Amino acid sequence: MRSALALLLLGLPLAALAQSTAAGLFQAMDSNGDGRISEAEYVAYMSQGFYRRDLNHDGVLEPEELPGGRGKPVTLKEWQDNLRREFHRLDRHHHGYLSPQELMQPPR
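Taking mature numbering (1 follows the signal peptide of the UniProt record, and there is no 0), I'd label the letters of the sequence shown as residues -18 to -1, 1 to 90.
What follows is the structure, given as structure tokens:
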């Protein structure tokens, strides 16, 4: 669980580095272009980090696929459950979506 959370927290900075601006990251995550990020959009976008690390494509990040080459295996379900928890922590207004300001705030 702890390693999954660490990977989740690593995912956002890596995603941010892939985009040149905060607005670019928001636009990349907003797949339907409605100006807000739903839980499904957040999970889909942030799951890309899992897929990139899952070199053998078995749906489990084994220790050798984790940063530092060690830790407990993490399933895709565990990864996405952590993303959903993170989404709800970021959604400080509890309206079911993320605004650009909520997306860019540090997690609690």
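Yeah, the Cβ is synthetic: ideal placement off N, Cα and C, and Gly gets one too.
Note that this is a predicted model, so its numbers are computed, not measured.
- Beta-bridge annotation (DSSP): S20 is paired with Y79.
- In the DSSP annotation of this structure, the continuous segment of the alpha helix (DSSP H) that includes N64 starts and ends at L58 to L72.
- Between L37 and G53, the alpha-carbon positions lie close to 16 Å from each other.
- Residue pairing by DSSP places L43 opposite V56 in a beta bridge.
- Closest in C-alpha terms to P88, from the list T3, F69 and E21, comes F69.
- Look at G15 here: in three-state DSSP terms it is coil, with no helix or strand label.
- In its chain, beyond the 5 residues on either side, M11 have a beta carbon closer than 6 Å to the beta carbon of Y27.
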